[in-house]
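For reference, the structure discussed in these notes is given below.
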Amino acid sequence: MPKFLIQATYTPEGTKGLLKEGASGRGAAVDQAVTGLGGQVEAMYFAFGEDDIVLIVDFPDPVSMAAVSLSVKASGALHTRATPLLTLDEIDEAARRQVAFRAPGR
1 MPKFLIQATY
11 TPEGTKGLLK
21 EGASGRGAAV
31 DQAVTGLGGQ
41 VEAMYFAFGE
51 DDIVLIVDFP
61 DPVSMAAVSL
71 SVKASGALHT
81 RATPLLTLDE
91 IDEAARRQVA
101 FRAPGR
């Protein structure tokens, strides 16, 4: 299953919701959203600094990740970014593939 790193920052409205529900309430909501599309939450951590929450999630396909991302962003409660994560074997496979590419000006 494709794996993604999700980093998010709460908006002021989202922070109010977190304070009202608590971390476990938000964890349950995240788990429901992810599992509802056939995914799994591997790890979920709250943080402070640039990001308020960091997750590693597995989804059956990138479209499922996009669906969750669109719904979360539409809520206005969070600003998020999702980064696809690749295994060492996947990068080894990518390195073996031949790519026809010419750099600009060459």
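All residue numbers for the sequence shown refer to the UniProt record's numbering, where the first residue is 1 and numbers rise by one. Glycine included, C-beta positions come from ideal geometry on N, C-alpha and C.
Proximity to residue i [Cα-Cα], best of the options
i: residue 67; options: 16, 33 and 11; result: 33
i: residue 4; options: 75, 64 and 105; result: 64
i: residue 108; options: 30, 105 and 1; result: What is shown of the chain runs 1 to 106, which leaves residue 108 out entirely.
i: residue 80; options: 35, 74 and 6; result: 6
i: residue 48; options: 10, 104 and 88; result: 10
i: residue 12; options: 75, 106 and 35; result: 75
Host alpha helix (DSSP H) of residue i (start-end)
i: residue 68; result: 62-75
i: residue 12; result: 12-35
i: residue 89; result: 88-96
Buried or exposed by the 16-neighbour rule on C-beta atoms within 10 Å, applied to residue i
i: residue 14; result: buried
i: residue 55; result: buried
i: residue 45; result: exposed
i: residue 57; result: buried
i: residue 26; result: buried
i: residue 107; result: Outside the modelled stretch of the chain, which goes from 1 to 106, sits residue 107, for which no answer is possible.
i: residue 59; result: buried
Beta-carbon spacing of residue i, residue j below 9 Å
i: residue 23; j: residue 72; result: no
i: residue 2; j: residue 89; result: no
i: residue 82; j: residue 69; result: yes
Measuring CB atoms only, is the region 88-100 touching the region 13-32, in the sense that at least three cross pairs come out at less than 8 Å? no
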